[in-house]
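Novice: Please find one structure pasted underneath; my questions will follow.
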Amino acid sequence: MEYTLRHPEIHPVNDHVWLMDDNHEATFYVVAGNKQAMVIDTSIGMCNVREEARKVTQLPLICVNTHGHGDHMGGNWSFDKAYMHPSDLPLAQEAMEWPEVQAAINQMGIRYPGFEPIADGQIFDLGGIALQALCLPGHTPGEIVLLDAKDRLLFSGDGIIEHLWLQLPESLPVQTQIDSMRRLLPLRDQFDHILTGHCSAPVDASLFDALLAAAEDLAAGKTENDIDYPWLGNVGRAHPYAENRRIVYK
Ligand SMILES: [Zn+2]
Numbered sequence: 010m011e012y013t014l015r016h017p018e019i020h021p022v023n024d025h026v027w028l029m030d031d032n033h034e035a036t037f038y039v040v041a042g043n044k045q046a047m048v049i050d051t052s053i054g055m056c057n058v059r060e061e062a063r064k065v066t067q068l069p070l071i072c073v074n075t076h077g078h079g080d081h082m083g084g085n086w087s088f089d090k091a092y093m094h095p096s097d098l099p100l101a102q103e104a105m106e107w108p109e110v111q112a113a114i115n116q117m118g119i120r121y122p123g124f125e126p127i128a129d130g131q132i133f134d135l136g137g138i139a140l141q142a143l144c145l146p147g148h149t150p151g152e153i154v155l156l157d158a159k160d161r162l163l164f165s166g167d168g169i170i171e172h173l174w175l176q177l178p179e180s181l182p183v184q185t186q187i188d189s190m191r192r193l194l195p196l197r198d199q200f201d202h203i204l205t206g207h208c209s210a211p212v213d214a215s216l217f218d219a220l221l222a223a224a225e226d227l228a229a230g231k232t233e234n235d236i237d238y239p240w241l242g243n244v245g246r247a248h249p250y251a252e253n254r255r256i257v258y259k
């Protein structure tokens, strides 16, 4: 298979935050301070993310992954180093070994960066904007979200999202997701919009409240409206909580 690069749709969120929609498959972001800029996630690997970020900022770039899944860290290859929570390194390793990725590596001569650990509460100071990484184990063990309190934005990867996947082998129990989200409640009044790993526009922060309430209902056994959910040759269960919103679980 010939490997050709593609380009995301670039949508400004404000004058220093950009949403990069990669073919509606995954979404990554650029946040520019006045000293450096952060790239949050890199989609599946078919974009040169560094070059795409250069279309909106010339500042030094740091790359931060919300988690280790290949549809988010796949494009890390355009960076020399990238941040990731250590608990997700095995997932990233698995993704880098996919045959399609190996074929691209061989054809394009690309290589993946070394990974720097992210600690819970770690602050990334971009100059004028500080993003705080907060652990949110659930979808994956090493999922993090990033709070940009200045812009009142929460970058949530796959951790807080309309379709929350908790059915994967690496996903943690629903109760863990609830505990993770409750831990963020003291910060809930610091963001108005959520920027997920799969969206084409900012989502109202009420998603957080609706998702937490739904997870609590699910943990309490209110599953009378739940349905089977086929995924990649398996069948999980889906807990709908609004139109086009669901928690998928084991
Ligand atoms: Zn994921």
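Residues 10 to 259 in the working numbering are what the sequence shown spells out, letter by letter. Cβ coordinates follow ideal geometry from the N, Cα and C atoms, glycine included. Everything numeric in this text was worked out from a predicted model, so none of it was measured.
1. Excluding the 5 residues preceding and the 5 following residue 2 in the sequence, name in chain order all residues of the same chain whose CB lies nearer than 6 Å to its CB.
2. Quick check on the DSSP output: the alpha helix (DSSP H) that includes residue 63 runs from which residue to which?
3. Determine the burial state of residue 33: buried for a count of at least 16 other Cβ atoms within 10 Å of its Cβ, exposed for fewer.
4. Can you tell me the Cβ-Cβ gap for residue 86 and residue 119, rounded? I've got them flagged as a contact below 8 Å.
5. Tell me whether residue 107 sits in a helix, a strand or coil according to DSSP, three-state version.
6. Taking buried to mean at least 16 other C-beta atoms within 10 Å of its own C-beta, is residue 194 buried or exposed?
7. Taking the CB atoms as reference points, tell me whether residue 26 and residue 40 lie closer together than 9 Å.
8. Whose beta carbon lies closer than 5 Å to any heavy atom of ligand 1, going through the chain in order?
9. Bridge partners for residue 125 per DSSP, in chain order?
10. Please identify the residue among 61, 52 and 64 whose C-alpha is closest to the C-alpha of residue 76.
11. Quick check on residue 24: buried or exposed, where buried means 16 or more other Cβ atoms within 10 Å of its Cβ?
12. Give the DSSP bridge partners of residue 204, in chain order.
Specialist: Reading off the structure:
1. Outside the modelled stretch of the chain, which goes from 10 to 259, sits residue 2, for which no answer is possible.
2. Counted from its first residue, the sequence shown places residue 63 at position 54. Counting along the chain, the alpha helix (DSSP H) containing residue 63 begins and ends at 58–63.
3. Here residue 33 refers to the residue found at position 24 of the sequence shown. So residue 33 ends up on the exposed side.
4. Here the question's residue 86 lines up with position 77 in the sequence shown. Here the question's residue 119 lines up with position 110 in the sequence shown. 4 Å between Cβ atoms; contact.
5. Taking the first residue of the sequence shown as 1, we reach residue 107 at position 98. It is coil, neither helix nor strand.
6. Numbered from 1 along the sequence shown, position 185 holds the residue referred to as residue 194. Under this definition residue 194 is an exposed residue.
7. The residue labelled residue 26 in the question sits at position 17 within the sequence shown. The residue labelled residue 40 in the question sits at position 31 within the sequence shown. Taking 9 Å as the Cβ cut-off, residue 26 and residue 40 qualify as a contacting pair.
8. In chain order, the hits are 78 and 167.
9. Taking the sequence shown and counting its residues from 1, one reaches residue 125 at position 116. DSSP lists 92 as partners of residue 125.
10. Taking the first residue of the sequence shown as 1, we reach residue 76 at position 67. Taking only the C-alpha atoms, the option nearest residue 76 is 52.
11. What you label residue 24 is simply residue 15 of the sequence shown in a count that begins at 1. So residue 24 ends up on the exposed side.
12. The residue you call residue 204 lines up with position 195 of the sequence shown. Answer by DSSP bridge pairing, in chain order: 164.
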